[in-house]
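Taking it in order: structure first as structure tokens, then the write-up.
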Amino acid sequence: MIMNYLQTTSQNDGVHARQIAFFSAFLLPTYKLLEAPSLLARYAKGDLLLPALFHFFLQTGLLLLLLYASSRSEKTLLSRMEERLGKWSVAVYIVYALFFLFYAVLPLLDLEKFVYAIFYDTSPTLFSFAFFFILCGFVCTKGIKCMGRIADLSLFLFLLPFLLLLLMSLVEADASNLLPFFERPLSDTGKAFTYTTPHFSDVVLILPLLGNLRYQKGDGKKITLGYATGSLLTLLFLGVFYAVYSTVAPREHYAFAKIAQYFPALTIVGRVDLILVYALCIVLFFYTVSPLLFSAYCIAKPLKTHRKTLVAFCIALGAFLFVLFCNKYYNRIYELIAGKLFVIFYLIADLLPLSLLFLSKRKEQKNNA
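Pasting the structure below:
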């Protein structure tokens, strides 16, 4: 049944608003359930919801502006950009190809650390994580539509395990741990906001999908609702996480794998909650692949092909070698990216896409006349 669905969907061109909404609601929150809760708690303590809210307000505003730009024409954003810039559009694709590789650095390292820490009782071998990159290379050969189909499947892989983990964790949750509100100085909120920027730069990951969408009436509402759903689920998780762990929350890494571990029934039946964690880990895998797939797409697009096996192979191999040799420098890399290079996210992930607002509909009509 699933294969028939995938074959039917693969015959369509581009992506659908439903798929972008599912991507926003069920893929984007997954990475925020890993290290972001402990980081927010480290800097903002019980006010960890405040910097997360600021992030979501910023990203929602950016998304609404891009949806407005998309709604101004029946053509896709990327096709209009190529028409306006001509050969210079290649430079834009190159910038974003490099940026998506940069974006993938922390998710790759976090995923490896998470898998080794949670799923291995003994020390893993040097190449235990290599199979991930084989799958990564395969996904990167499938083009942008593949991520749309993955977004559809993520509904089933994310929603039920996420809700069950939350319900299991409510047994030990104490909402008073979040009180009083606004206890920390505003400077602490600013630090939490800055150091978690790589975890909350969402719209740039939506951009390749939105750029291939032929906008129709009602699409904006679907996509906005999808992103709002993902934001609310993330905020709910953050609140329950701190309600469970309180002052020790900054030390509790890999939050979604630990949040339900105190459920009373687990002492009798064992860690069955790990089954739910496995399901979320699959979604986390697809999230981690997404910037690499988008990088491969941005390289292949100017070459007039949607599938480029050699490009996908080089990206997967480069990612594997990077993780293999740089995983021991994780703390330094995170400090460099989140502490010093976070401005890159604001410039390329937030500000540069706003230039799509200058793709005038009137000028486009004159060119077509």
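The C-terminal residue of the sequence shown carries number 396 in the numbering used here, and the numbering is unbroken.
C-beta: ideal position from N, C-alpha, C; glycine also.
- Cβ atoms of leucine 265 and proline 64 come within 8 Å of each other, at about 6 Å.
- Per DSSP, the unbroken alpha helix (DSSP H) holding lysine 285 starts and ends at 282-285.
- If you check the CB distance, alanine 79 and leucine 262 come in under 8 Å.
- A direct Cα-Cα distance of roughly 6 Å separates serine 98 from tyrosine 242.
- Sixteen is the threshold: since fewer than 16 other Cβ atoms of the shown chains lie within 10 Å of the Cβ of proline 291, the residue is exposed.
- In terms of Cβ geometry, valine 271 and alanine 343 do not form a close pair [threshold 8 Å].
- For asparagine 354, the three-state secondary structure derived from DSSP is helix.
- For valine 304, same chain residues with a beta-carbon under 8 Å away, outside a window of 5 residues either side, are Ile145, Pro188, Leu192, Phe283 and Ala284 in chain order.
- For the set Phe321, Tyr361, Gly73 and Lys244, the Cα lying nearest the Cα of alanine 202 is the one of Gly73.
- Valine 122 is not a Cβ neighbour of proline 329, given a cutoff of 8 Å.
- Here alanine 219 is near leucine 67, since their CB atoms are less than 8 Å apart.
- If you draw a straight line from the Cα of leucine 128 to the Cα of methionine 108, it comes to about 22 Å.
- Beta-carbon to beta-carbon, phenylalanine 83 and serine 317 are separated by about 19 Å, too far to satisfy the 8 Å threshold.
- Of Val132, Tyr120 and Asp246, the smallest CA-CA separation from leucine 91 is found for Asp246.
- Taking a C-beta distance under 8 Å as the contact criterion, isoleucine 250 and leucine 94 qualify as a contact pair.
- Phenylalanine 220: member of the alpha helix (DSSP H) spanning 213-222, first to last residue.
- Judged by DSSP secondary structure, alanine 327 falls within the alpha helix (DSSP H) whose first and last residues are 300-327.
- For histidine 82, the enclosing alpha helix (DSSP H) stretches over residues 76-98.
- Here alanine 292 carries a coil assignment [DSSP, helix/strand/coil].
- When only Cα atoms are considered, leucine 386 and phenylalanine 349 end up about 38 Å apart.
- Residue Cys308 holds the alpha-carbon nearest to the alpha-carbon of phenylalanine 183 among Cys308, Leu234, His280 and Leu293.
- Exposure of serine 214 is indicated by the presence of fewer than 16 other C-beta atoms within 10 angstroms of its C-beta.
- Rounded to whole angstroms, the Cβ separation of leucine 363 and alanine 96 is 33 Å, and the two are not in contact under 8 Å.
- Counting only residues of its own chain and dropping the five nearest sequence neighbours on each side, glutamate 279 has a CB closer than 7 Å to the CB of Ser65, Tyr272 and Lys285.
- Within the same chain, Val166 and Leu320 come within 8 Å of cysteine 173 by CB-CB distance, once the 5 residues on both sides are set aside.
- Selection Phe268, Gly345 and Arg211 evaluated against leucine 194 yields Phe268 as nearest (Cα-Cα).
- Minimum Cα-Cα distance from phenylalanine 347 among the listed residues Arg69, Leu60, Ala131 and Leu368 corresponds to Ala131.
- Close CB contacts of valine 198 within its chain, under the 8 Å cut and outside five residues either way in sequence, are with Tyr289, Phe290 and Pro291 (chain order).
- Straight-line measurement puts the Cα of glycine 113 at about 43 Å from the Cα of alanine 306.
- In the three-state reduction of the DSSP assignment, glutamate 362 falls in the helix class, which pools H, G and I.
- Separation of glycine 238 and phenylalanine 208 (C-alpha to C-alpha, rounded to the nearest whole angstrom) is 39 Å.
- Its Cα nearest to that of arginine 176, the residue Gly41 stands out among Gly41, Phe369, Pro225 and Ala327.
- Annotated as distal: aspartate 229 and leucine 105, with beta-carbon spacing of 8 Å or more.
- Taking the C-beta atoms as reference points, leucine 311 is found nearer than 8 Å to threonine 57.
- The continuous stretches of alpha helix (DSSP H) do not include valine 275, and DSSP gives it neither H nor E.
- With contacts defined as CB atoms closer than 8 Å, tyrosine 314 and proline 134 qualify as a contacting pair.
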